[in-house]
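Peer 1: Going left to right, the sequence shown walks through residues 1 to 190 as full-length UniProt numbering numbers them.
Encoded as structure tokens, here's the structure I'll be asking about.
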Amino acid sequence: MGLAEKKGVAGVTTRDVAQAAGVSLGVVHYCFENKDALMTELVKALSMELRDSVDANETVWQEAGTGKAALQTLVRNGLELMWLNIEATPERQLLTYETTTYALREGEQTPAKLAIAREQYAFNDSTVADILDHARDATSTEWSVPVQTLSRFTLSVIDGIVLRWLVDNDSESVRTQLDVLSEMLSTYAK
1 MGLAEKKGVA GVTTRDVAQA AGVSLGVVHY CFENKDALMT ELVKALSMEL
51 RDSVDANETV WQEAGTGKAA LQTLVRNGLE LMWLNIEATP ERQLLTYETT
101 TYALREGEQT PAKLAIAREQ YAFNDSTVAD ILDHARDATS TEWSVPVQTL
151 SRFTLSVIDG IVLRWLVDND SESVRTQLDV LSEMLSTYAK
């Protein structure tokens, strides 16, 4: 992951990976059929890291309370945990956008590459849906729209917030936007 952060997705080769890992090129090719397989695993690792940042603090979930206000607070606390991870890893966040644009650009010629971006977003949608379901259960509330709809919307907003932060590095504005997002999401709870 560090290699991709330094060189960008397009600049990473399996030879570079072998050299950075201190193994032969054959070992890398044994583990990864090609660069697409390597990029797929990179995307999974990036997504898992973000998921783990929210799951890591179990006390947030245990002390939630019940009702819509508790749900809003819990969602906001989950967003803050996620944000702390994002804020600490700007190069890694840029890498997530690079993997997406790489897959989209290369996907025109190779549909398997487009699958990398689709898999990334499907996994992230699932992660956000799981978090929203967990928040619903922890606060004894219900969502008034399908959680998949909220998940996709939430992820779209977060994508925009993070991309904007990479441009202007305004963390204070991000926290205000996360307040608005959690408030907005809570309007769909009952």
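No residue lacks a Cβ here, since even glycine has one placed at the ideal position from N, Cα and C.
Here the structure is a predicted model, which is why all the values come from computation and not from measurement.
Going by the CB atoms, is the gap between T99 and M39 shorter than 8 Å?
Peer 2: Contact flag set, yes.
Peer 1: I need the boundaries of the alpha helix (DSSP H) containing E87, first residue and last residue.
Peer 2: Segment 68-88, the alpha helix (DSSP H) holding E87.
Peer 1: For residue 197, count neighbouring C-beta atoms within 10 Å of its own C-beta (all shown protein chains included) and say buried if the count is 16 or more, exposed if not.
Peer 2: A question about residue 197 goes unanswered here, because the residues of the chain that appear run from 1 up to 190.
Peer 1: When the distance is taken between beta carbons, is S186 closer than 8 Å to V75?
Peer 2: Taking 8 Å as the Cβ cut-off, V75 and S186 qualify as a contacting pair.
Peer 1: Below 8 Å CB to CB, which residues in the same chain sit around E142 once its five sequence neighbours on both sides are set aside?
Peer 2: Answer for E142: R136, A189, K190, listed in chain order.
Peer 1: Would E87 pass as a contact of L178 if the rule is Cβ separation under 8 Å?
Peer 2: Not closer than 8 Å, so no.
Peer 1: Give the single residue among D36, L132, S140 whose Cα lies nearest to the Cα of T154.
Peer 2: Of the listed residues, the one whose Cα sits closest to T154 is L132.
Peer 1: So, is T96 buried or exposed, given that buried needs 16 or more other C-beta atoms within 10 angstroms?
Peer 2: Counting Cβ neighbours within 10 Å, T96 comes out buried, since at least 16 surround it.
Peer 1: What does the alpha-carbon distance come out to for the pair K113 and L150?
Peer 2: If you take the alpha carbons of K113 and L150, they lie about 27 Å apart.
Peer 1: Just verifying my parser: in three-state terms, what is the DSSP assignment at A189?
Peer 2: Here A189 sits in strand by DSSP.
Peer 1: Check the C-beta distance from Y138 over to A64 and give it rounded, since I have them as a contact under 8 Å.
Peer 2: Sequence inspection shows Ala at residue 138; the Tyr mentioned does not correspond to that position. A138 to A64, Cβ: 4 Å. Contact.
Peer 1: Tell me which same chain residues have a C-beta within less than 6 Å of the C-beta of F32, skipping the five on either side of it?
Peer 2: Excluding residues within five positions, the ones whose Cβ falls inside 6 Å are L38.
Peer 1: Kindly give me the distance between the Cβ atoms of Q109 and D125, rounded to whole angstroms, as I take these residues to be in contact under 8 Å.
Peer 2: So it is not a contact: roughly 26 Å between Cβ atoms.
Peer 1: How big is the Cα-Cα spacing for H134 and G26?
Peer 2: Going by the C-alpha atoms only, they are around 43 Å apart.
Peer 1: Given this structure, state the Cα-to-Cα distance separating M160 from N85, to the nearest angstrom.
Peer 2: The sequence given here places Gly at residue 160; Met does not occur at that position. Straight-line Cα distance between these residues: approximately 16 Å.
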